[in-house]
Amino acid sequence: MATCNPNDSRFGIAYLPSAISMRLGKRELYLTRDTRRRYGPTPSLLQCRTGMEPGYLEMLLLRKWLVVFSKAR
Numbered sequence: 146m147a148t149c150n151p152n153d154s155r156f157g158i159a160y161l162p163s164a165i166s167m168r169l170g171k172r173e174l175y176l177t178r179d180t181r182r183r184y185g186p187t188p189s190l191l192q193c194r195t196g197m198e199p200g201y202l203e204m205l206l207l208r209k210w211l212v213v214f215s216k217a218r
């Protein structure tokens, strides 16, 4: 079962009207518009990198949407 919490600021991103936080079993998914200024070229479709803590995965979709997968606490 998934639970939504749009006010979750655990990911270091302030509340945004378009943010969605969902818990799926032992994982959490956070979806929001990307607010970080990126320097240099970024891939047009998908960019992946590890997060700041173990178990985090950040994906930038279409240069606009930031998707963060993490372990649930």
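Positions in the sequence shown are counted from 1; adding 145 to them yields our numbering.
Cβ coordinates follow ideal geometry from the N, Cα and C atoms, glycine included.
**Request:** Would you mind working out which of K216, A217, E203 sits nearest R181, comparing C-alpha positions?
**Result:** Here the question's residue 181 lines up with position 36 in the sequence shown. For R181, the nearest C-alpha among the options comes from E203.
**Request:** Work out the CA separation of R194 and K171 for me, nearest whole Å.
**Result:** Here residue 171 corresponds to residue number 26 of the sequence shown, with the count starting at 1. Here residue 194 corresponds to residue number 49 of the sequence shown, with the count starting at 1. Each residue's alpha carbon lies about 20 angstroms from the other.
**Message:** Closest to A217 by C-alpha separation, out of G200, P186, S189, would be which residue?
**Reply:** Counted from its first residue, the sequence shown places residue 217 at position 72. It is G200 whose Cα lies nearest to the Cα of A217.
**Item:** DSSP state of D153 mapped onto helix, strand, coil
**Value:** By 1-based counting over the sequence shown, the position of residue 153 is 8. Note that D153 has pLDDT 48, beneath the 50 cutoff, so the model's placement of it is unreliable and the number below is only indicative. It is coil, neither helix nor strand.
**Prompt:** When the Cα atoms are used, what is the spatial distance from F214 to G185?
**Reply:** As a first step, residue 214 must be located in the sequence shown, where it is residue number 69. As a first step, residue 185 must be located in the sequence shown, where it is residue number 40. Distance between the alpha carbons of F214 and G185 is about 24 angstroms.
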